[in-house]
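Okay, so here's the structure we're looking at.
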Amino acid sequence: MDTPFEYRSVIRPTVGLVLTGGGARSAYQVGVLVALAELMPRTRNPFRVIVGTSAGAIAAGVLASEAHHWRRAVAGLERVWANFRSEQVFHVDPVHMLRAGFHWVLALVSGGLVLSPPKSLLDNTPLRQLLGIHVDCAGIRRSIARGHLNALALCSTSYGTGQSVAFYDGVETIPEWARIQRVGRRCELTLDHLMASSAIPLLFPPMKLGEEFFGDGAMRQLNPLSPAIHLGADRLLIVGVRARRQAGVVVDRPEMSMPTPGEIFGYMLDTLFTDQVYGDLEQVERINQLVTAAPEAARGVRHVDTLMLAPSVDPREIAARHIANMPAGLRALLRVIGGRGASGLQLPSYLMFESGYTRDLIKLGYKDAMEARTALMAFMSGQKLPAAAAVAAPGVAQAT
């Protein structure tokens, strides 16, 4: 585990919020935040450190830009996610879908001589327009300058170096860091950083930042908890998007049938957004055990408490109820690549930016957080997490 600088609170633990990637599934994270805002109605921003990746970076940006009134920020997130439509994220009308299809076909048939391959499968220009309305990037710097926030990091992957890059802004005492294949770069955060972090490979185009092109932050993020620790967090609340009791990678299909491209792509996204988080949680637990058992041998590292909330119901089950509400063009695309049906719901569960689906996920996140409120409140207040509470609450990983 990385050894961050000496900056840390001497009175109460510095609580960090880690929002993983998850496409449309990130509506679940919003539900958890809504519950927290209700459970802590008189508290100032409880997260001194916020780290977001992919869709989680967007929510992180909103929370950081309004850290002086974080409950209002949560209410704004809920309003947007509860009324989502796919066309607010990418163009799904027949004209754009047909144009994209013909572009791919002509590029393939001509060997790239008539048309070069398109930058991505989908055009996410609407997402940038939406972020321009709802994310005040200048507010991030104000939140830090006025003491409402210690640091925000938005994670991306460099297509040039292959490094996982945590672009961050924070108090002056936080230095940049460099580890194998991952670095932290201080900068003024902009919409470009949000677009880069959420640029899912193949689906959305890469984003140029400086002289490099960047894509989704989850691609090379082997240690997704590391940025929050470098930024000074002593406790980490992680909100994931995969059902904890079901790995989310097993699908029911007839024996020996070949997986479709849609199923493979859904599996790829599930692996991309989630596997590294569970691996890093195990690493933190091992470090904590070492610090406790042999502090003299663990000089330079410190104990970091963690608590993870994840869906108690597999999002694929919820997606199955709303598949008919997806735009016709997107349904046609999924049908062509085999991303529909009982064994292909993984991909739609990440791409279904439709209000019926996102509202159900928000409700699930709220429900799970409320059922885990004993553990959550103990964790947020710096107390030791009651073991019984973690066991009883669905979707909750024991704190370490």
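Residue numbers for the sequence shown follow the numbering used here, beginning at 69 and rising by one. Virtual Cβ for every residue (Gly too), placed ideally from N, Cα, C. These numbers come from a predicted model, not from an experiment.
For this session: With a 10 Å radius around its C-beta and 16 neighbouring C-beta atoms as the bar for buried, classify residue 87 as buried or exposed.
Result: buried
For this session: Write down the C-beta distance between residue 208 and residue 220 rounded to the nearest angstrom, noting that I regard them as a contact closer than 8 Å.
Result: 6 Å
Problem set entry | C-beta contact flag for residue 84 and residue 398 at 7 Å | no
For this session: Pull up the distance between the alpha-carbon of residue 199 and that of residue 328, whole angstroms please.
Result: 33 Å
Problem set entry | From 283, 203 and 215, residue whose alpha carbon lies closest to that of residue 121 | 283
For this session: Look up residue 301 in the DSSP assignment and say whether it is helix, strand or coil.
Result: coil
Exercise. Distance, Cα to Cα, residue 299 vs residue 344?
Worked result: 19 Å
For this session: Decide yes or no for the touch test of the region 222-237 against the region 257-266: beta carbon pairs closer than 8 Å, at least 3 of them.
Result: yes
Exercise. In three-state terms, what does DSSP make of residue 332?
Worked result: helix
Problem set entry | For residue 284, the three-state DSSP class (helix, strand or coil) | strand
Exercise. Any idea what DSSP makes of residue 418, helix, strand or coil?
Worked result: helix
For this session: Check the C-beta distance from residue 136 over to residue 211 and give it rounded, since I have them as a contact under 8 Å.
Result: 6 Å
For this session: Could you tell me the distance, in whole angstroms, from the CA atom of residue 403 to the CA atom of residue 342?
Result: 25 Å
Exercise. Is residue 301 closer than 7 Å to residue 82 when the C-beta atoms are compared?
Worked result: yes
Exercise. How many Å lie between residue 339 and residue 420 at the Cα?
Worked result: 18 Å
Exercise. So residue 429 and residue 96 are in contact, right, with Cβ under 8 Å, and what is the actual spacing, rounded?
Worked result: 5 Å
Problem set entry | Span of the alpha helix (DSSP H), counted from its first residue to its last, around residue 308 | Segment: none, residue 308 is in no alpha helix (DSSP H) and carries neither H nor E.
Exercise. When the Cα atoms are used, what is the spatial distance from residue 317 to residue 445?
Worked result: Note that residue 317 has pLDDT 44, beneath the 50 cutoff, so the model's placement of it is unreliable and the number below is only indicative. Cα-Cα distance, rounded: 32 Å.
Problem set entry | Assigned exposure category for residue 325 - 16 Cβ within 10 Å defines buried | exposed
Problem set entry | Per-residue burial, residue 382 [other beta carbons within 10 Å of its own, 16 or more giving buried] | buried
For this session: Below 6 Å CB to CB, which residues in the same chain sit around residue 245 once its five sequence neighbours on both sides are set aside?
Result: 252 and 298
For this session: Could you have a look at residue 129 and say whether DSSP puts it in helix, strand or coil?
Result: helix
For this session: State yes or no: is the C-beta of residue 426 within less than 7 Å of the C-beta of residue 138?
Result: no
Exercise. Beta carbon of residue 309, beta carbon of residue 93: below 7 Å?
Worked result: yes
Exercise. Between which two residues does the beta strand (DSSP E) containing residue 374 stretch?
Worked result: 373-377
Exercise. Going straight from the alpha carbon of residue 114 to that of residue 448, what length do you get?
Worked result: 8 Å
Exercise. Among 255, 159 and 102, which one has its Cα closest to the Cα of residue 131?
Worked result: 102
Problem set entry | Per-residue DSSP class, three states only, for residue 235 | strand
For this session: Return the CA-CA distance between residue 157 and residue 360, expressed in angstroms with no decimal places.
Result: 46 Å
For this session: Look at the alpha carbon of residue 273 and the alpha carbon of residue 89, and state the distance between them as a whole number of angstroms.
Result: 17 Å
For this session: On a CA-only basis, which of 384, 290 and 394 is nearest residue 347? Give me that one, please.
Result: 290
Exercise. Beta strand (DSSP E) containing residue 214: first to last residue?
Worked result: No beta strand (DSSP E) holds residue 214; DSSP gives it neither H nor E.
Problem set entry | residue 276, enclosing beta strand (DSSP E) - first and last residue | 275-277
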